[in-house]
Amino acid sequence: MCYKNGTVHGMILGLDNYLPKYKQGSEAVIVNISSIAGVAVVGSVPIYCGTKAAVIAMTKSWGIPYHYQRSNVKVICICPGITATPLIFDMPGRNLGTSYENWLTENIGLSDIQTVIQE
């Protein structure tokens with residue numbers, strides 16, 4: 550059985566197809582957006598954590614000097630915290646319980662990096 554994940558597949562398509570066609574100049578920077586969930590385990594969303602961890606791992610792999618020396622493309626990753634999105638607001642409806650709802654209420658909000666990303 551083979552699963553395709555939109556997050557991982559989309560990132561690969563972007564590197565393989567978009568960058569060669571639209572890179573201007575001799576250098577470029579790719580900024581991947583992952584999540585703090587790719588670094589810190591969030592038990593209620595294991596697949597989400599796995600895909601975000603994949604974004605971080607691939608970014609680290611493409612960000613090493615070997616790849617930069619070959620392409621002059623810097624690859625970095627930003628990992629914002631919990632953000633008010635439909636995915637987050639739908640979670641209580643998945644019957645995760647009042648402890649999740651309490652945690653969500655206490656932790657949702659914008660960090661400095663999330664404010665910059667949304668602007």
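In our numbering, the protein residues as written are 550 to 668. Each residue gets a CB set at the ideal place from its N, CA and C atoms; glycine is no exception. Note that this is a predicted model, so its numbers are computed, not measured.
Neighbour flag for residue i against chain B, beta carbons, 8 Å
i      : result
Lys572 : No chain B is part of this structure, which consists of one protein chain only.
Beta-ladder partner(s) of residue i, from DSSP
i      : result
Val578 : Lys623
Host alpha helix (DSSP H) of residue i (start-end)
i      : result
Pro569 : Leu568 to Tyr571
Cys598 : Pro595 to Trp611
Gly555 : Gly555 to Leu562
Proximity to residue i [Cα-Cα], best of the options
i      : options                           : result
Asp549 : Ser648, Asn651 and Val622         : No information on residue 549 is available, as it lies outside the stretch 550 to 668 that the chain covers here.
Cys628 : Asn554, Ala586, Ile579 and Thr556 : Ala586
Gly559 : Gln618, Val604, Thr634 and Gly630 : Val604
Same chain, Cβ closer than 8 Å to residue i, neighbours up to 5 away in sequence not counted
i      : result
Ser575 : Asn621
Sequence-distant residues of the same chain with beta carbon closer than 7 Å to residue i, five excluded per side
i      : result
Ser584 : Lys601, Cys628 and Pro629
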